[in-house]
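Position 620 of the sequence shown, counted from 1, bears residue number 621 in the numbering used here, the numbering being contiguous throughout. Think of the CB as a built atom: it goes at the ideal place given N, C-alpha and C, for glycine as much as any other residue. Worksheet: the structure to be examined is printed underneath.
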Amino acid sequence: MIDFNQELEHLNSHQLAAVVYNDGPLRIIAGAGSGKTRVITMKIAYLVNNLNIPSWRILALTFTNKAAKEMRDRVEVILGNDQRINPFIATFHSFCYRVLREDGEVIGLKNPFSIIDTADQRTLIRRTIKDLGIDQKNYPRAENAALEMIETWKTNFMDAAEAQKTSVDEQEKDFSLVYQVYEKYLQENNYVDFNDLQLKTYQLFTTDEQTRQKWADRFDHVLVDEFQDTNELQFSLIKMLRKTNPGLTVVGDPDQTIYTWRGARVEIILDFEKNFPKAKTIILDRNYRSTKQILDLANDFIDNNFNREKKDIYTDVTGVTVTVHEVTTQNSEAEYVAKTIKKLMKEKQYEYSDFFVLYRMNAWSREFEHVFDNNHLPYQLIGGIKFRDRKVIKDAVAYLKAVALNDNISVERILRATPKIGEVTINKLINYATVNDMSIFTLLTVHDQEAAQISKHLIGISDLLSKGQAKFQENLPVDELLRFLLTQSGYESRVKTLAKNDEDIENLNAFYDQLKHFHDQFDPQFYNEANQTLAFLQEEALGSDDESGVANKVTLLTIHAAKGLENKVVFVTGNSSGIFPSNRTIGNPAALEEERRAMYVGMTRAKERLYLTYVNGEYSYITNRSLEPSRFIKELNPDLYELEQPLSLPLTNAYSRTFSQSDNKSRTNSQVENSNSDLLKVGDVIEHVMFGQGVVVKIVNNNQYQIAFNNPSYGIKIIPINSVAIKKVV
Ligand code: ATP
Ligand code: MG
Numbered sequence: 002m003i004d005f006n007q008e009l010e011h012l013n014s015h016q017l018a019a020v021v022y023n024d025g026p027l028r029i030i031a032g033a034g035s036g037k038t039r040v041i042t043m044k045i046a047y048l049v050n051n052l053n054i055p056s057w058r059i060l061a062l063t064f065t066n067k068a069a070k071e072m073r074d075r076v077e078v079i080l081g082n083d084q085r086i087n088p089f090i091a092t093f094h095s096f097c098y099r100v101l102r103e104d105g106e107v108i109g110l111k112n113p114f115s116i117i118d119t120a121d122q123r124t125l126i127r128r129t130i131k132d133l134g135i136d137q138k139n140y141p142r143a144e145n146a147a148l149e150m151i152e153t154w155k156t157n158f159m160d161a162a163e164a165q166k167t168s169v170d171e172q173e174k175d176f177s178l179v180y181q182v183y184e185k186y187l188q189e190n191n192y193v194d195f196n197d198l199q200l201k202t203y204q205l206f207t208t209d210e211q212t213r214q215k216w217a218d219r220f221d222h223v224l225v226d227e228f229q230d231t232n233e234l235q236f237s238l239i240k241m242l243r244k245t246n247p248g249l250t251v252v253g254d255p256d257q258t259i260y261t262w263r264g265a266r267v268e269i270i271l272d273f274e275k276n277f278p279k280a281k282t283i284i285l286d287r288n289y290r291s292t293k294q295i296l297d298l299a300n301d302f303i304d305n306n307f308n309r310e311k312k313d314i315y316t317d318v319t320g321v322t323v324t325v326h327e328v329t330t331q332n333s334e335a336e337y338v339a340k341t342i343k344k345l346m347k348e349k350q351y352e353y354s355d356f357f358v359l360y361r362m363n364a365w366s367r368e369f370e371h372v373f374d375n376n377h378l379p380y381q382l383i384g385g386i387k388f389r390d391r392k393v394i395k396d397a398v399a400y401l402k403a404v405a406l407n408d409n410i411s412v413e414r415i416l417r418a419t420p421k422i423g424e425v426t427i428n429k430l431i432n433y434a435t436v437n438d439m440s441i442f443t444l445l446t447v448h449d450q451e452a453a454q455i456s457k458h459l460i461g462i463s464d465l466l467s468k469g470q471a472k473f474q475e476n477l478p479v480d481e482l483l484r485f486l487l488t489q490s491g492y493e494s495r496v497k498t499l500a501k502n503d504e505d506i507e508n509l510n511a512f513y514d515q516l517k518h519f520h521d522q523f524d525p526q527f528y529n530e531a532n533q534t535l536a537f538l539q540e541e542a543l544g545s546d547d548e549s550g551v552a553n554k555v556t557l558l559t560i561h562a563a564k565g566l567e568n569k570v571v572f573v574t575g576n577s578s579g580i581f582p583s584n585r586t587i588g589n590p591a592a593l594e595e596e597r598r599a600m601y602v603g604m605t606r607a608k609e610r611l612y613l614t615y616v617n618g619e620y621s622y623i624t625n626r627s628l629e630p631s632r633f634i635k636e637l638n639p640d641l642y643e644l645e646q647p648l649s650l651p652l653t654n655a656y657s658r659t660f661s662q663s664d665n666k667s668r669t670n671s672q673v674e675n676s677n678s679d680l681l682k683v684g685d686v687i688e689h690v691m692f693g694q695g696v697v698v699k700i701v702n703n704n705q706y707q708i709a710f711n712n713p714s715y716g717i718k719i720i721p722i723n724s725v726a727i728k729k730v731v
């Protein structure tokens with residue numbers, strides 16, 4: 002245990018003020034790395050140590066399990082790991098789980114209840130849609146759509162009856178019936194879903210005052226980290242817990258709001274005083290995490306968001322310049338990261354655990370896993386299943402293995418992935434094949450007539466396997482072989498229609514990318530194998546296993562999972578168009594701003610070194626086009642990073658301005674021309690990527706345009722002359 006009072010002296014005056022303030026609600030608004038989480042942890046220690054508040058009377062809430070663990074660890078360092086010192090530090094969901102475990106009976110829950118997982122949720126919805134006789138053809142991706150709608154209803158506190166009453170069209174009506182059956186099933190089987198944890202706690206607190214009072218009485222102080230990502234429901238819970246208690250501390254950074262798609266509302270932190278008129282606000286303005294180079298670039302970047310309040314945050318610590326690195330393929334991106342990690346470990350004495358590799362979408366981890374495996378570079382994947390262990394990838398590999406290796410396990414797997422073929426049929430097949438001493442593959446292909454007698458639904462798969470085998474023997478490129486198998490079998494279209502979110506599709510497309518890359522660089526001599534599908538499967542099978550015994554590992558994780566965390570060296574990868582920001586932002590300015598905040602979160606995880614990488618030129622199935630530097634790369638201030646680019650690649654016009662400028666390091670005074678055209682004149686009509694069309698009404702100081710936008714809600718705005726966001730129309 003460390004000397005706590007000495008620790009307090011290390012805080013700056015704003016932080017200290019926040020720690021000792023105990024006169025009512027307190028809001029701390031501050032940028033990344035300014036010590037918000039540190040203030041929370043120090044405050045917990047202060048309440049226990051200096052104000053003698055029993056630790057179990059303190060509740061600290063955050064958003065991810067990893068962040069909660071991090072906070073617990075930090076508190077333990079200060080207060081020591083005495084079992085009796087036990088503040089309740091948890092995520093919202095686990096706090097609610099605890100409440101319901103204790104008091105769920107009050108609202109009819111039986112204890113212990115189970116939490117239904119997503120796979121079962123989907124099966125249930127699928128079955129319900131069928132049972133109710135709803136014609137799926139009427140609704141694209143009916144199962145997902147129904148689930149999403151149910152989630153929305155739930156988060157708006159609407160039960161099935163209410164949903165039914167307020168439905169405006171056939172689809173809503175149909176789905177509200179699904180909702181009703183779904184709820185009934187959960188209730189009968191004593192299940193709750195993930196959303197229910199919070200909703201039922203809310204229900205419990207609003208219907209039973211005594212229980213609410215009990216929980217509110219239990220805590221003297223409630224502290225909430227990452228408050229910018231709170232939704233209405235969570236805020237209601239906080240308010241209900243606070244009714245009797247004076248202590249409430251919330252901390253957040255509006256620029257890091259990245260969960261609006263789950264209902265987070267940044268207004269909750271911005272308008273905090275509306276709910277708590279006597280609340281005190283403290284601003285922290287010094288960053289302790291990152292070097293000046295990292296901070297300047299991140300701050301300049303987030304300033305591209307229009308919908309934000311500017312805040313200043315500074316640091317005295319200088320370090321090395323941020324590196325932006327261009328590569329031509331996904332594989333070379335992973336190779337570059339692996340090489341850089343090794344180099345830094347050798348030259349600068351870093352350890353594996355000093356590195357984060359971040360990406361926007363889970364599917365992007367694939368090449369890193371592959372290359373790190375090959376390089377014997379230990380890594381751990383946070384919050385995700387290893388690429389090759391994901392269900393769609395296992396299914397896809399099973400199709401390849403079935404036609405290449407004819408093994409029973411793979412054939413059984415694809416049979417299970419085929420509609421209308423149930424366990425009864427599969428068992429009959431296995432029996433028949435065993436009795437006649439042949440593999441299921443042989444039964445299905447050579448003796449297809451006999452198989453068809455077991456079930457006529459097997460005819461299609463017999464045909465698929467025979468054709469697939471022929472193509473395999475012709476040594477068709479491995480990505481084309483898979484494409485054939487997955488389209489012919491209908492698997493791919495099923496993934497597209499049934500997937501709960503886009504992740505399955507992204508993973509599948511990432512796998513196609515991997516196969517195509519394998520095909521492009523395939524050298525039969527190297528593998529001592531003429532057939533490339535066999536060579537690929539062989540490589541897959543030999544891929545090294547998880548080295549779970551090694552604690553010192555590089556961490557691969559999504560930006561969302563990295564919120565609140567930090568590390569010495571950070572790579573933000575996949576900054577290519579359609580990947581980060583994702584295609585879902587097209588035509589959606591608010592979504593684009595949220596992606597920009599995600600990028601800001603990614604960059605500000607770095608303490609000492611930051612690398613931003615992007616792929617330029619390689620075709621990707623994820624985006625269905627060639628990857629290019631994303632708009633985020635183009636928005637970076639070229640004075641604030643160093644570009645490493647393959648020399649052979651010519652710069653294209655679209656971003657040559659940005660890059661060539663980094664050579665003469667003089668953005669401020671130079672009369673830079675617009676990337677797309679010459680200087681605009683007053684009266685020119687332009688198109689802005691976010692605000693749409695507008696007219697140049699004035700040129701300010703030779704470096705800014707004043708533009709009146711057609712859309713009145715944007716009005717007149719000042720746009721830098723060199724903004725890549727504008728294009729001349731007339
Ligand atoms: P984020 O917005 O990313 O969640 P944060 O504001 O919560 O960041 P912290 O994680 O609390 O920031 O702090 C960032 C880093 O700065 C941590 O390593 C922390 O220990 C360190 N730090 C914070 N305050 C001080 C201080 N007064 N003196 C020295 N180091 C500090
Ligand atoms: Mg934090």
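Does the distance from the C-beta atom of R606 to that of A563 stay below 7 Å?
Yes, Cβ-Cβ distance for R606 and A563 is below 7 Å.
At a cut of 8 Å, does the region 514 to 523 reach the region 433 to 445 through at least three beta carbon pairs?
no
Closer than 7 Å by C-beta to F220: which residues in its own chain qualify, once you throw out the five before and the five after it? Chain order, please.
R58, I59, L60, L242, N246
Heavy atom of the ligand ATP within 6 Å of N13 beta-carbon:
yes
Restricting to Cα atoms, I'd like to know which of N232, N703, F633 is closest to N305.
F633
Under the rule that 16 or more other beta-carbon atoms within 10 Å means buried, what is K457, buried or exposed?
exposed
Using only Cβ atoms and a threshold of 7 Å, which residues come within that distance of a heavy atom of the ligand MG? Order them by chain position.
K37, T38, D226, E227, G565
By DSSP, does R142 sit in helix, in strand, or in coil?
Correct three-state label for R142: coil.
Check each candidate in A265, K699, D256 and name the one with the smallest Cα separation from E233.
A265
For the beta strand (DSSP E) containing F89, list its first residue and its last residue.
89 to 92
Going by beta carbon distance, what residues of the same chain come within less than 7 Å of V730, once the five residues before and after it are set aside?
If you ignore the 5 residues before and after V730, its C-beta comes within less than 7 Å of the C-beta of V686, I687, E688, Q694, all in its own chain and listed in chain order.
Do you know whose CA, among L611, D396, A453, lies nearest L509's CA?
D396
Nearest-angstrom Cα distance between Q381 and H371?
13 Å
What does a CB cutoff of less than 6 Å around N654 pick up in its chain, not counting 5 residues either side in sequence?
Caution applies to N654, whose pLDDT of 34 falls short of 50 and renders its modelled position unreliable; the value that the coordinates give is listed next. Excluding residues within five positions, none has a Cβ falling inside 6 Å.
Please say whether G253 and Q294 have beta carbons closer to each other than 7 Å?
no
Report the three-state DSSP secondary structure of I116 (helix, strand or coil).
strand
Opposite A418 in the DSSP bridges: which residues?
BP columns for A418 are empty, so no partner.
DSSP state of G579 mapped onto helix, strand, coil
strand
Simplified DSSP state of N191, which is helix, strand or coil
Coil, per DSSP.
Quick check: P88 and S56, are their CB atoms within less than 7 Å of each other?
yes
Helix, strand or coil: which one does DSSP assign to I135?
If DSSP states are grouped into helix, strand and coil, I135 belongs with coil.
Taking S621 as the reference, give the member of P647, L401, E77, S578 with the closest Cα.
Comparing C-alpha distances from S621 to each of P647, L401, E77, S578 shows the shortest one belongs to S578.
Around the C-beta of N308, are 16 or more other C-beta atoms found within 10 angstroms, so that it is buried, or is it exposed?
Result: exposed.
Report all residues from its chain with a CB closer than 6 Å to the CB of Q489; omit the five preceding and five following residues, and keep chain order.
L465
Report yes if the C-beta of G134 is less than 6 Å from at least one heavy atom of the ligand ATP; otherwise report no.
Flag unset: Cβ of G134 not near the ligand ATP.
Do you know how far the Cα of F64 is from the Cα of D4?
29 Å
Helix or strand or just coil, what does DSSP make of Y492?
The three-state reading of DSSP puts Y492 in helix, counting H, G and I together.
To the nearest angstrom, report how far apart A536 and L406 are at their CA atoms.
12 Å
Are the beta-carbon atoms of E368 and A399 separated by less than 7 Å?
no
For V193, which residues from the same chain have a beta carbon less than 8 Å from its beta carbon, with the 5 sequence-adjacent residues on both sides left out?
L101, L110, F114, S115, I116, I117, L187, K201
Integer Cβ distance of A31 from I284, believed to fall under 8 Å:
6 Å
So what does DSSP say about Y642, is it helix, strand or coil?
strand
Own chain, CB closer than 7 Å to V21, minus 5 neighbours either side, in chain order:
Beyond the five residues adjoining it in sequence on each side, V21 comes within less than 7 Å, by CB distance, of Y47 in the same chain, given in chain order.
With a Cβ-Cβ cutoff of 7 Å, do V570 and L359 count as a contact?
no
With distances taken from CA atoms, which of E493, K44, E609, Q172 is nearest D226?
K44
Rounding to the nearest angstrom, what Cα-Cα distance links K138 and L62 in this structure?
44 Å
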